[in-house]
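Below is one structure, written out as structure tokens, with a few remarks after it.
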């Protein structure tokens, strides 16, 4: 499985190197883990079930890019550094087509049990933060063939669903920078673009974002960006300078929005 990391797209190369360096420090025990897939949407909590008898899971021994040890430590660091203001998502897609994999099953194998992980319709996998499984050196196994999957690892702003203020955006931006600082070695951060702001984005150009401060305004969502799945989106942008200057301003986006860092 190959891992691609993005926040959403422009940071892929540097964060990809970061993930590779994390994997190299995982040690030989983790380098022997099974073909793996993982992801989380913070908070990371998975309901697990026993392995169904009808599902054949082959624990293929293969150097894994994202062992459970690395996934656990990465998620834990992001949650702690970001104070739960940044969402980390790991989306599993087919390596060749980048499409959702039908009937994908991923399990966490520990000493005495096997847990099936929740996978959304989009391929987002919820990784349980299980300290016992972590201590036991648990591994991911899947029902897919070796080399058939990609893991896209993304950092996204975590904002209230309907109405939020500039202070929420400011906290998300600061938290994202702290998370990146925690995860990315200093010598790679030198080559990494700065996170300038948050975009409130839509798939079409005909949307606006309502902002209420001393005055009420409609910000057009017309700035071209790319979302976490490399789709073209149109955004109203909020920079660090904008949100620090008026933290009490309310943001009321129309339905169907998504937030990205830029």
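In the working numbering, the protein residues as written are 93 to 354. Note that CB positions come from ideal geometry on N, CA and C, so glycine has one too.
Query: Quick check on this structure: which residue in 166, 290 and 194 has the alpha carbon closest to the alpha carbon of residue 257?; Result: 290
Query: Give the range of the alpha helix (DSSP H) segment to which residue 210 is assigned.; Result: That residue, residue 210, is in no alpha helix (DSSP H); it is neither H nor E in DSSP.
Query: If we count the other Cβ atoms within 10 Å of its Cβ and call it buried at 16 or more, is residue 294 buried or exposed?; Result: buried
Query: What are the boundary residues of the beta strand (DSSP E) that residue 241 is part of?; Result: 241-249
Query: Can you tell me whether residue 185 is helix, strand or coil according to DSSP?; Result: strand
Query: Leaving out the 5 sequence neighbours to the left and right, which residues in its chain are closer than 8 Å to residue 334 when beta-carbon positions are compared?; Result: 258 and 289
Query: So what's residue 180 in DSSP terms, helix, strand or just coil?; Result: strand
Query: Would you be able to state if there are at least three C-beta pairs under 8 Å between the segment 306-316 and the segment 264-280?; Result: no
Query: Could you pull the start and end residues of the beta strand (DSSP E) that residue 201 belongs to?; Result: 198-201
Query: Nearest-angstrom Cα distance between residue 216 and residue 341?; Result: 33 Å
Query: Suppose the cutoff is 7 Å on Cβ atoms and the five residues either side in sequence are ignored; what does the same chain contact list for residue 287 look like?; Result: 265, 268, 269 and 353
Query: What are the partner residues of residue 345, as DSSP defines its beta bridges?; Result: 301
Query: Check this for me: beta carbons of residue 275 and residue 170, under 8 Å apart or not?; Result: yes
Query: Would residue 184 pass as a contact of residue 230 if the rule is Cβ separation under 8 Å?; Result: no
Query: With a cut-off of 8 Å, do at least 3 Cβ pairs link the segment 325-334 to the segment 295-305?; Result: yes
Query: By DSSP, does residue 312 sit in helix, in strand, or in coil?; Result: strand
Query: Between the C-alpha atoms of residue 283 and residue 320, what's the straight-line distance to the nearest angstrom?; Result: 21 Å
Query: What does residue 328 pair with, by DSSP beta-bridge criteria?; Result: 292
Query: Smallest Cα separation from residue 314: which of 322, 300 and 305?; Result: 300
Query: Cα separation between residue 239 and residue 202?; Result: 23 Å
Query: Which residue's Cα is closest to the Cα of residue 302: 159, 248, 173 and 347?; Result: 347
Query: Can you name, in chain order, every residue of its own chain whose Cβ lies under 7 Å from the Cβ of residue 349, other than the five neighbours on each side?; Result: 292, 293 and 294
Query: Are residue 247 and residue 214 closer than 8 Å when you measure CB to CB?; Result: no
Query: Compute the Euclidean distance between the alpha carbons of residue 254 and residue 332, then round it to the nearest angstrom.; Result: 21 Å
Query: Using only the alpha-carbon positions, how far apart do residue 305 and residue 249 sit?; Result: 22 Å
Query: Could you name the residues of the same chain whose beta carbon sits closer than 7 Å to that of residue 316, not counting the 5 residues immediately before and after it, in chain order?; Result: 324 and 326
Query: Under three-state DSSP, which class holds residue 228?; Result: coil
Query: Can you list, in chain order, the residues of its chain whose CB lies under 7 Å from that of residue 336, leaving out five sequence neighbours each side?; Result: 262
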